[in-house]
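In the numbering used here, the protein residues as written are 1488 to 1868. First up is the structure itself, then whatever we jot down about it.
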Amino acid sequence: MMPQDENNNSNTRTLLALTVVSRFSVAALLLLAHLFPPFDAATSHLLLRWDAIHFLHIVRSGYVYEHEWAFLPGLPFLLSLFPTSIVAPTVLSLAAACDGSLTLYALSLHHLGSPALAKLATILSLLPSSPVTLFLAPYTEPFFTYLSYKGMFYCTQSSYFAAAIAFTLAAAFRSNGFLLSGFIIWGLLIKPILEHKPLPLISILYCAALSALPFTPFIAHNYAAYLAFCTAEPPAAWCARHLPLIYSHVQEHYWNSGFLRYWTLQQLPNFLIAAPPLLVISAFSVRHLRHWIKSPGAPGRAFLSASIAPHAIHALIMSAILLFASHTQIVLRLAAAMPITYWAAAWLLMEHPKWGGAWVAWSVLWGALSSLLWGAFLPPA
C-alpha cells in the first residue's frame, strides 16, 4: 500500500469516529436541555420541534393545509416508511452522515489537493451552525446535504447522469435543490466553452436534459397543488395568478418571504446570528472568483483552484437569496450543504489563524447554545 493511501485510510477512520462522536455529543446536550421545561409544551418528544411537527402531520394526514405545501415531499415520504418511529430517520441520517463525511473528504481532496486540508475541512463540517437539525431531528437538511455532496462528487468524476439523479433526489427534500443543476451545466457546457473545446449539439441536448431533472420535484409538487386547489370549486385565490404556484403563494402569505420583506428591525437578531456563515462564505467566494476571473486557466494554490469556481458562484447565489428574499437565519441550516463553507473555514484557519480561531469558537459556542434552545423549544430553528 502506498503511503498516500495509508494516510487517506487513516483519515477516513478518524473522520468516521468523529462523525459518530459529534452526534452523541449533540444528543447529550439535548438530554441536558430536557431537564428544563420547554417553552412550548405542544410536544414532549425532544426531536419534534418546529418544522418537524409539520412533517409529521403531513405523514399522518397528507397535505391538509395550504402552508404545508411549503415543504416538498421528500422527507414526508421517507418518514412514511417508518410511521411508528421518530428515531428511525435519525439512524438513517447517521448512516448518511458517515458516508457524507467520506464524500466531503473525497470532494475536498479533489478540489484542495491536500489530504491534510481535506481532513481539516471535513472535521470543521462536524461543527455546523445548526447541529440538531443536521444530526438528529427529522429534518430535510441531513438528507439534502448528503445528496448534494454526492452529486457534487459525481460531477468531479464526470458522472453527470449519477449527479443529476443525486441532485434530483436532493431537490425532493428542499425547493432550492434545483440550483444544484448549475454544477451539471458548468461541467457539460460552461467548462468546455472556457477551455475552447468543440461542443457538439448532442452534448448540449444531454446537458439540457440532465440539468432539467432537478427541477422536476418542484414542478410536480406545484402541479399536484394546482390539481388540488385550482380544479375545485371555488378555486383558491392564487390560482388566478399568471404563474399559479402554491409555493410562491405560501412563502409570501404564510412565511412573509420575498424581496426585502425580512428586512425589519425586529428581525435584526436573526441577521446577526446569520452573519458569521454569510460573511465567511461570501468573503471566500468573492476572493476566489476575483482570482479566477483574472487567471481562469491558472492552477492556483489549494484554496484558489479553478475547480472551486462553480461552488463559489453557487454559494454567492444562495447567500444572496437568503440575505434578500428569505428568512436569513436559514443559512444556519443550509450552509452545511455547501462544501465551500468548510473550505472557507479551513482557509481562515490556515491563512488568518486569528479569524479562523474565532470561527471555531463561534461554531462550538453557537452549536451548543442552539442545541439547548432547540431542546427548550425556543428559536431560532
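The C-beta atom is built at its ideal place from N, Cα and C for all residues, glycine as well.
Q. If you run the structure through DSSP and keep just helix, strand and coil, what is K1684?
A. Position 197 of the sequence shown holds residue 1684. In this structure, K1684 counts as coil in the three-state DSSP scheme.
Q: Could you pull out every unbroken alpha helix (DSSP H) segment of at least 4 residues lying fully inside the segment 1616–1679, listed in chain order?
A: 1618–1622, 1628–1643, 1647–1658 and 1668–1672
Q: Check the C-beta distance from G1862 over to L1565 and give it rounded, since I have them as a contact under 8 Å.
A: For the purposes of this step, residue 1862 is identified with residue 375 of the sequence shown, where counting begins at 1. For the purposes of this step, residue 1565 is identified with residue 78 of the sequence shown, where counting begins at 1. The pair is not a contact, with the Cβ atoms about 24 Å apart (cut-off 8 Å).
(Q) Measuring only the C-alpha atoms, how far is A1723 from I1545? (A) The count along the sequence shown starts at 1 and reaches residue 1723 at position 236. The count along the sequence shown starts at 1 and reaches residue 1545 at position 58. Cα-Cα distance, rounded: 20 Å.
Q. Taking all protein chains shown into account, do 16 or more other C-beta atoms lie within 10 angstroms of the C-beta of V1578, making it buried, or fewer, making it exposed?
A. Walking along the sequence shown from the start, residue 1578 turns up at place 91. By the neighbour-count criterion, in which 16 or more other beta carbons inside 10 Å mark a residue as buried, V1578 falls on the exposed side.
Q | S1452 versus N1743, R1536 and T1718, residue with shortest Cα-Cα distance | A | The structure shown has nothing for residue 1452, since the chain only spans 1488 to 1868.
Q) In whole angstroms, what separates the C-alpha of L1688 from that of L1562? A) Position 201 of the sequence shown, counted from the start, is the residue given in the question as residue 1688. Position 75 of the sequence shown, counted from the start, is the residue given in the question as residue 1562. Straight-line Cα distance between these residues: approximately 37 Å.
Q) Does the Cβ-Cβ distance between G1674 and S1645 come in under 9 Å? A) Position 187 of the sequence shown holds residue 1674. Position 158 of the sequence shown holds residue 1645. The beta carbons of G1674 and S1645 sit closer together than 9 Å.
Q. Once you ignore the five residues that flank Q1948 on each side, which residues in its own chain have a CB closer than 6 Å to its CB?
A. The structure shown has nothing for residue 1948, since the chain only spans 1488 to 1868.
(Q) If I follow the unbroken alpha helix (DSSP H) through A1712, where does it start and stop? (A) Indexing the sequence shown from 1 puts residue 1712 at position 225. Here the alpha helix (DSSP H) through A1712 covers T1703 to C1717.
Q.
Can you check which of these residues, P1764, I1652 and F1660, is closest to W1849 by C-alpha distance?
A. Reading the sequence shown from its first residue, position 362 is the one you call residue 1849. When each option's Cα is compared against that of W1849, the closest is P1764.
**Q.** Backbone CA spacing between L1503 and T1718 [nearest angstrom]
**A.** Looking up residue 1503 in the sequence shown gives position 16. Looking up residue 1718 in the sequence shown gives position 231. Straight-line Cα distance between these residues: approximately 51 Å.
Q) Using the beta-carbon count (16 or more within 10 Å), is K1684 buried or exposed? A) Start at 1 with the first residue of the sequence shown, and residue 1684 comes out as number 197. Under this definition K1684 is an exposed residue.
Q. What do you reckon, are the CB atoms on S1601 and A1789 nearer than 9 Å?
A. Stepping through the sequence shown from its first residue, residue 1601 is reached at position 114. Stepping through the sequence shown from its first residue, residue 1789 is reached at position 302. At a Cβ-Cβ threshold of 9 Å, S1601 and A1789 count as neighbours.
**Q.** Alpha-carbon to alpha-carbon, L1714 and P1773
**A.** Against the sequence shown, residue 1773 aligns to sequence position 286. Against the sequence shown, residue 1714 aligns to sequence position 227. Correcting the residue identity first, residue 1773 is Val in this sequence and not Pro. Near 43 Å, if we compare the C-alpha coordinates of L1714 and V1773.
Q: Would you grab the beta carbon distance between A1799 and L1776 for me? Rounded to a whole angstrom, and I think it's under 8 Å.
A: Walking along the sequence shown from the start, residue 1799 turns up at place 312. Walking along the sequence shown from the start, residue 1776 turns up at place 289. Yes, they are in contact, since the Cβ atoms of A1799 and L1776 sit about 5 Å apart, within 8 Å.
(Q) Mapping the DSSP letters down to three states, classify F1558 as helix, strand or coil. (A) In the sequence shown, the residue the question calls residue 1558 occupies position 71. In this structure, F1558 counts as coil in the three-state DSSP scheme.
(Q) With distance defined between alpha-carbon atoms, name the residue in A1824, W1846 and W1842 nearest to F1660. (A) To locate residue 1660, count along the sequence shown from 1; it is residue 173. Out of A1824, W1846 and W1842, A1824 has the C-alpha closest to the C-alpha of F1660.
Q: Note down, in chain order, each residue of its chain lying with its Cβ closer than 7 Å to the Cβ of F1640, except the 5 sequence neighbours on either side.
A: For this step, residue 1640 is matched to residue 153 along the sequence shown. Contacts found: T1590, A1593 and L1594.
Q: Using three-state DSSP, classify N1901 as helix, strand or coil.
A: Only positions 1488 to 1868 of the chain appear in this structure, which leaves residue 1901 out of reach.
**Q.** Beta-carbon separation (whole angstroms), M1805 vs L1821, contact threshold 8 Å
**A.** Taking the sequence shown and counting its residues from 1, one reaches residue 1805 at position 318. Taking the sequence shown and counting its residues from 1, one reaches residue 1821 at position 334. Yes, M1805 and L1821 are in contact; Cβ-Cβ is about 7 Å, under 8 Å.
Q: Kindly indicate the opening and closing residues of the alpha helix (DSSP H) around F1771.
A: Along the sequence shown, one-based indexing puts residue 1771 at 284. L1755 to K1781 is the span of the alpha helix (DSSP H), which, as asked, contains F1771.
Q: Compare the beta carbon distance of A1658 and L1559 with 9 Å and say whether it is the shorter of the two.
A: Counting from one through the sequence shown, the residue named residue 1658 turns up at place 171. Counting from one through the sequence shown, the residue named residue 1559 turns up at place 72. Against a cut-off of 9 Å, the Cβ pair of L1559 and A1658 comes out as a contact.
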